Amino acid sequence: GEEVAQTPKHLVRGEGQKAKLYCAPIKGHSYVFWYQQVLKNEFKFLISFQNENVFDETGMPKERFSAKCLPNSPCSLEIQATKLEDSAVYFCASSQFTNTEAFFGQGTRLTVV
Amino acid sequence: SQQGEEDPQALSIQEGENATMNCSYKTSINNLQWYRQNSGRGLVHLILIRSNEREKHSGRLRVTLDTSKKSSSLLITASRAADTASYFCAPFQGTGRRALTFGSGTRLQVQP
Numbered sequence: 002g003e004e005v006a007q008t009p010k011h012l013v014r015g016e017g018q019k020a021k022l023y024c025a026p027i028k029g030h031s032y033v034f035w036y037q038q039v040l041k042n043e044f045k046f047l048i049s050f051q052n053e054n055v056f057d058e059t060g061m062p063k064e065r066f067s068a069k070c071l072p073n074s075p076c077s078l079e080i081q082a083t084k085l086e087d088s089a090v091y092f093c094a095s096s097q098f099t100n101t102e103a104f105f106g107q108g109t110r111l112t113v114v
Numbered sequence: 006s007q008q009g010e011e012d013p014q015a016l017s018i019q020e021g022e023n024a025t026m027n028c029s030y031k032t033s034i035n036n037l038q039w040y041r042q043n044s045g046r047g048l049v050h051l052i053l054i055r056s057n058e059r060e061k062h063s064g065r066l067r068v069t070l071d072t073s074k075k076s077s078s079l080l081i082t083a084s085r086a087a088d089t090a091s092y093f094c095a096p097f098q099g100t101g102r103r104a105l106t107f108g109s110g111t112r113l114q115v116q117p
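Chains A and B, in that order, give the protein sequences.
Its first residue numbered 2, the first sequence is counted upward by one per residue in the numbering used here.
Its first residue numbered 6, the second sequence is counted upward by one per residue in the numbering used here.
See below:
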C-alpha cells in the first residue's frame, strides 16, 4: 500500500491485560520503526526492523514489550501485562532506507484502565 | 542518542505572518528532517536537508542548517490557519542508532 496502516485506531485494556498493535508498512520499504508518544509530547523510539530482522531494540522496555515483523504479515507490537503508564499513542513508521524520510501511520491510542 | 530540541515550545501568530522555529542538536549529522503533526494524527515529513546543504526551500517552507552551530531553523512564510500543528525536527546521525529521534516539538497556533 501507499500508506502505513495501523490497527486498531483505539484500544482499551484493563491493567494486566495484553495489548497487541499492528502495522502494515508501505510496500517496498525495508525499515519499520515503532514510537510511543505520551500526552502529545516527545516521541520515544522503541524498536526498528530491517525487513524481518530487529535492527535496533535499545528503546524497548524488555520485560513486557515485544515486537515482530514477519514476511507477508503486518508487523506487531505486543505489550504483556499492561500498566497504566503504557497509556499512549503508538506510532509505526516505515522508510526505504534509514536516512530517508519516514512515513508515519495514524497511530493506535492505547488506554489502560 | 541524537535528538533535536525545538524552540520555542509554543508560538502563536496571526494569519499572514511568518513563523520561525529553531532546532538545536548535539552531535554531527548526516541530515536533518522536519516533520509536522496535526492534532491526533501521525507525523508528516516536510523537508530533509543534508549536512552539506545550507538552505532548502519547499513551497512556503524555508529550512536553514548551520552545522558549525549545530542548529537549524524552519521558516513558514505567509502562514495560514491550516499550518496550526506541532513541528518536530529530527537530526539523523547515520551512525549508532539509525532511527529518527524527536524532541517535544514547537506547537504553532495560527490565528485566523
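In this text, a Cβ means the ideal position worked out from N, Cα and C, and glycines have one as well.
This structure is a prediction, so every number in the text was calculated from the model and none was measured.
Could you compute how far the alpha carbon of residue i sits from the alpha carbon of residue j?
i, j, result
"Ser78 (chain B)", "Cys28 (chain B)", "6 Å"
"His62 (chain B)", "Val68 (chain B)", "6 Å"
"Phe66 (chain A)", "Phe97 (chain B)", "25 Å"
"Gly110 (chain B)", "Leu37 (chain B)", "14 Å"
"Tyr32 (chain A)", "Ser96 (chain A)", "5 Å"
"Ile34 (chain B)", "Ala24 (chain B)", "25 Å"
"Gly9 (chain B)", "Ser76 (chain B)", "9 Å"
"Leu71 (chain A)", "Thr112 (chain A)", "26 Å"
"Gln116 (chain B)", "Ser84 (chain B)", "9 Å"
"Ala95 (chain B)", "Trp39 (chain B)", "6 Å"
"Gln38 (chain A)", "Asp87 (chain A)", "10 Å"
"Phe119 (chain A)", "Lys69 (chain A)", "In the structure as shown, chain A starts at 2 and stops at 114, and residue 119 (chain A) therefore has no counterpart that could be examined."
"Gln114 (chain B)", "Glu22 (chain B)", "11 Å"
"Arg55 (chain B)", "Gly99 (chain B)", "11 Å"
"Ser49 (chain A)", "Gly106 (chain A)", "15 Å"
"Lys45 (chain A)", "Phe93 (chain B)", "13 Å"
My output table needs one value for residue i: the three-state DSSP class, helix, strand or coil.
i, result
"Leu47 (chain A)", "strand"
"Ala68 (chain A)", "strand"
"Glu86 (chain A)", "helix"
"Ala104 (chain B)", "coil"
"Ala87 (chain B)", "helix"
"Ala103 (chain A)", "coil"
"Met61 (chain A)", "coil"
"Gln38 (chain A)", "strand"
"Thr32 (chain B)", "coil"
"Gln38 (chain B)", "strand"
"Phe98 (chain A)", "coil"
"Gln7 (chain B)", "coil"
"Glu79 (chain A)", "strand"
"Val5 (chain A)", "coil"
"Pro27 (chain A)", "Reading the sequence as shown, one finds Ile at residue 27 (chain A) and not Pro. Three-state DSSP puts Ile27 (chain A) in coil, outside helix and strand."
Since residue i contacts residue j with CB under 8 Å, what's their CB separation in whole angstroms?
i, j, result
"Glu53 (chain A)", "Ile27 (chain A)", "Going by Cβ atoms, the distance from Glu53 (chain A) to Ile27 (chain A) rounds to 16 Å, so no, they are not a contact pair."
"Leu53 (chain B)", "Glu102 (chain A)", "6 Å"
"Phe107 (chain B)", "Glu64 (chain A)", "Not quite, the Cβ-Cβ distance comes to about 25 Å (not below 8 Å), so this is no contact."
"Leu22 (chain A)", "Thr109 (chain A)", "5 Å"
"Ala94 (chain A)", "Phe34 (chain A)", "5 Å"
"Pro62 (chain A)", "Cys24 (chain A)", "That belief does not hold up - the Cβ atoms of Pro62 (chain A) and Cys24 (chain A) are roughly 18 Å apart, past 8 Å."
"Tyr36 (chain A)", "Phe92 (chain A)", "5 Å"
"Leu51 (chain B)", "Leu66 (chain B)", "6 Å"
Residues of chain E with CB under 7 Å from residue i, in chain order?
i, result
"Gln14 (chain B)", "Here the protein chains are A and B, and chain E is not one of them."
At least 3 beta-carbon pairs within less than 8 Å: the region 88–96 of chain B vs the region 38–52 of chain B: yes
4-residue-minimum alpha helix (DSSP H) runs that sit fully inside the region 47–98 of chain B, ordered along the chain: none
Given 8 Å, three or more beta-carbon pairs between the region 10–18 of chain A and the region 67–84 of chain A: yes
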